[in-house]
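Trainee: Shown below is the structure under consideration.
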Amino acid sequence: MSTFPSSSDRSTALAARFLGVILSLSLSAAKANAQPSGIDDHIHQLDAQIAQAAAAQHFEAAAGLQRDRTNWLDLKHAIEAQDAGRILALQAALQQPYIYQAMAPRATTAGPALTTSGPEFMHQVYTLEADGSYQPLEKQEASNTSSGGGYGGFGGKVSSLKVAGDRSNVRFEVAAPRFVVTTYPGQDPSDILELVKFDVRGARKDRYVDMSKSSHAFYHHSSSQVTDNRVRLAFKNLGDQVYEVVIDGTLEAGEYAFMQGRKVFAFGMGK
Numbered sequence: 697m698s699t700f701p702s703s704s705d706r707s708t709a710l711a712a713r714f715l716g717v718i719l720s721l722s723l724s725a726a727k728a729n730a731q732p733s734g735i736d737d738h739i740h741q742l743d744a745q746i747a748q749a750a751a752a753q754h755f756e757a758a759a760g761l762q763r764d765r766t767n768w769l770d771l772k773h774a775i776e777a778q779d780a781g782r783i784l785a786l787q788a789a790l791q792q793p794y795i796y797q798a799m800a801p802r803a804t805t806a807g808p809a810l811t812t813s814g815p816e817f818m819h820q821v822y823t824l825e826a827d828g829s830y831q832p833l834e835k836q837e838a839s840n841t842s843s844g845g846g847y848g849g850f851g852g853k854v855s856s857l858k859v860a861g862d863r864s865n866v867r868f869e870v871a872a873p874r875f876v877v878t879t880y881p882g883q884d885p886s887d888i889l890e891l892v893k894f895d896v897r898g899a900r901k902d903r904y905v906d907m908s909k910s911s912h913a914f915y916h917h918s919s920s921q922v923t924d925n926r927v928r929l930a931f932k933n934l935g936d937q938v939y940e941v942v943i944d945g946t947l948e949a950g951e952y953a954f955m956q957g958r959k960v961f962a963f964g965m966g967k
């Protein structure tokens with residue numbers, strides 16, 4: 697069994713203690729607003745470790761750290777939305793982080809190298825054109841929003857992500873094109889990507905995707921994830937860590953996006 701350096705042990709212990717503090721706090725507005733800065737620090741640390749692992753071609757480590765980053769980003773958004781159900785749902789995953797140990801770069805013969813023939817940026821969704829070129833989708837950063845809540849915080853509440861504007865400037869009139877994404881070797885693309893359909897609503901007609909619904913009463917609280925706006929996906933390996941996104945069924949007219957946390961790659965179907 698490998699012996700991990702003390703700095704890694706300290707980092708893991710600090711992350712575990714930080715998570716314990718977060719999960720023990722109530723979701724009052726003051727406390728909720730106080731937490732994301734500490735989470736940002738941990739996410740920045742994960743970013744540095746992911747870059748280090750990828751540069752050393754330790755792709756299993758990079759993929760594991762990327763999963764942790766996604767979970768911590770989800771936690772940040774759940775705290776901002778004061779979504780207690782989502783915070784509790786993330787507890788198990790966050791208490792079992794990937795243990796990263798920095799190692800020397802692998803020799804080029806010991807493992808696969810990153811592709812140079814695929815899309816320019818890893819983890820971003822592109823269309824694969826007939827001439828073999830790759831075209832980007834509309835890249836946006838979604839914002840957290842919520843509605844409902846009832847009098848005194850009781851009643852029903854819906855937590856959503858919002859993208860400004862009622863329609864994407866990237867449109868496909870007849871049928872969806874071939875979508876592709878590049879991952880680290882051995883990384884499951886379904887861990888980092890999902891396809892959602894937006895609901896255009898509000899006074900400004902922005903694009904919304906509901907993430908969770910919760911209800912509050914004096915002695916009862918319940919929360920559930922919204923799934924009916926998700927589109928079922930499969931992935932086909934095209935080689936060199938490039939995966940084609942296989943959509944189950946036909947996309948009807950409307951606004952869509954591939955999501956990675958709050959990062960979205962949007963497009964529209966129809967004129």
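Residue numbers (this note's numbering): 697 to 967. No residue lacks a Cβ here, since even glycine has one placed at the ideal position from N, Cα and C.
Measure from the alpha carbon of Ile735 to the alpha carbon of each residue in Glu776, Ala747, Lys858, then state which is nearest.
Mentor: Position 39 of the sequence shown, counted from the start, is the residue given in the question as residue 735. With distances taken between Cα atoms, Ile735 lies closest to Glu776.
Trainee: Measuring alpha carbon to alpha carbon, tell me which residue in His819, Asp862, Lys967, Ala747 is nearest Val905.
Mentor: If you number the sequence shown from 1, residue 905 lands on position 209. Nearest C-alpha to Val905: Asp862.
Trainee: Can you tell me which of the three DSSP states Leu947 falls into?
Mentor: To locate residue 947, count along the sequence shown from 1; it is residue 251. Leu947 falls in the coil class under three-state DSSP.
Trainee: Out of Asp779, Pro793, Ala871, which has the shortest C-alpha to C-alpha gap to Leu857?
Mentor: As a first step, residue 857 must be located in the sequence shown, where it is residue number 161. It is Asp779.
Trainee: By Cβ distance, which residues of its chain are closer than 6 Å to Val821, with the 5 residues on each side in sequence left out?
Mentor: Here residue 821 refers to the residue found at position 125 when the sequence shown is read from its first residue. Around Val821: Leu833, Phe875, Val877, Phe954, Phe961.
Trainee: Quick one: residues in its chain with C-beta nearer than 7 Å to the C-beta of Ala806, no 5 flanking neighbours on either side, listed in chain order?
Mentor: Here the question's residue 806 lines up with position 110 in the sequence shown. Only weak support exists for where Ala806 lies, its pLDDT of 48 falling under 50; the value from the coordinates is given anyway. Here the set comprises nothing.
Trainee: Relative to the C-alpha of Glu816, which candidate in Glu837, Gln831, Ala826 has its C-alpha closest?
Mentor: Locating residue 816 in the sequence shown gives position 120, where the first residue counts as 1. If we check each option's Cα against that of Glu816, Gln831 comes out closest.
Trainee: Tell me whether Asp764 is buried or exposed, calling it buried when 16 or more other Cβ atoms sit within 10 Å of its Cβ.
Mentor: Locating residue 764 in the sequence shown gives position 68, where the first residue counts as 1. Buried is the call here.
Trainee: Is the number of C-beta pairs between the stretch 921-936 and the stretch 888-901 that are closer than 8 Å three or more?
Mentor: With the cut-off at 8 Å, the stretch 921-936 and the stretch 888-901 touch.
Trainee: Less than 8 Å between the CB atoms is what I'm expecting for Ile739 and Ala758, so what's the real figure, rounded?
Mentor: Position 43 of the sequence shown, counted from the start, is the residue given in the question as residue 739. Position 62 of the sequence shown, counted from the start, is the residue given in the question as residue 758. That belief does not hold up - the Cβ atoms of Ile739 and Ala758 are roughly 15 Å apart, past 8 Å.
Trainee: Mapping the DSSP letters down to three states, classify Gln937 as helix, strand or coil.
Mentor: By one-based count along the sequence shown, residue 937 stands at place 241. Coil, per DSSP.
Trainee: Please state if the CB of Lys909 and the CB of Val854 are separated by a distance shorter than 8 Å.
Mentor: Taking the first residue of the sequence shown as position 1, residue 854 is located at position 158. Taking the first residue of the sequence shown as position 1, residue 909 is located at position 213. Contact flag set, yes.
Trainee: Secondary structure at Arg782, three-state DSSP: helix, strand or coil?
Mentor: By one-based count along the sequence shown, residue 782 stands at place 86. Note: Arg782 maps to helix in three-state DSSP.
Trainee: By the three-class DSSP mapping on this structure, what secondary structure does Asp902 have?
Mentor: Mapped onto the sequence shown, residue 902 falls at position 206. Here Asp902 sits in strand by DSSP.
Trainee: Leaving out the 5 sequence neighbours to the left and right, which residues in its chain are closer than 6 Å to Phe755 when beta-carbon positions are compared?
Mentor: Reading the sequence shown from its first residue, position 59 is the one you call residue 755. Tyr880, Pro881, Gly882, listed in sequence order.
Trainee: Express the C-alpha separation of Leu769 and Ile888 in angstroms, rounding to a whole number.
Mentor: Your numbering for residue 888 matches position 192 in the sequence shown. Your numbering for residue 769 matches position 73 in the sequence shown. Rounded to the nearest angstrom, the two C-alpha atoms are 12 Å apart.
Trainee: For Gly689 versus Ser911, is the C-beta distance shorter than 8 Å?
Mentor: Residue 689 lies beyond the range of the chain shown here (697 to 967); nothing can be said about it.
Trainee: Report buried or exposed for Gly760, applying the criterion of at least 16 other Cβ atoms within 10 angstroms of its Cβ.
Mentor: Here residue 760 corresponds to residue number 64 of the sequence shown, with the count starting at 1. By the 10 Å Cβ count, Gly760 comes out buried.
Trainee: Could you give the first and the last residue of the continuous alpha helix (DSSP H) run that contains Asp764?
Mentor: Counting from one through the sequence shown, the residue named residue 764 turns up at place 68. Here the alpha helix (DSSP H) through Asp764 covers 755-776.
Trainee: Among Glu948, Glu951, Lys959, which has the Cα closest to the Cα of Ala838?
Mentor: As a first step, residue 838 must be located in the sequence shown, where it is residue number 142. Minimum Cα distance to Ala838 is reached at Lys959.
Trainee: Classify Gly964 as helix, strand or coil using the three-state DSSP reduction.
Mentor: In the sequence shown, residue 964 corresponds to position 268, counting from 1. Here Gly964 sits in strand by DSSP.
Trainee: Let's see if you can read the secondary structure: which residues bound the beta strand (DSSP E) around Asp895?
Mentor: For the purposes of this step, residue 895 is taken as the residue at position 199 of the sequence shown. Here the beta strand (DSSP E) through Asp895 covers 895-897.
Trainee: Excluding five sequence neighbours on each side, which residues of the same chain lie with their C-beta closer than 6 Å to the C-beta of Lys938?
Mentor: Taking the sequence shown and counting its residues from 1, the one referred to as residue 938 is at position 242. The sequence shown places Val at residue 938, not Lys. So the qualifying residues of the chain are Gly814, Val876, Thr878.
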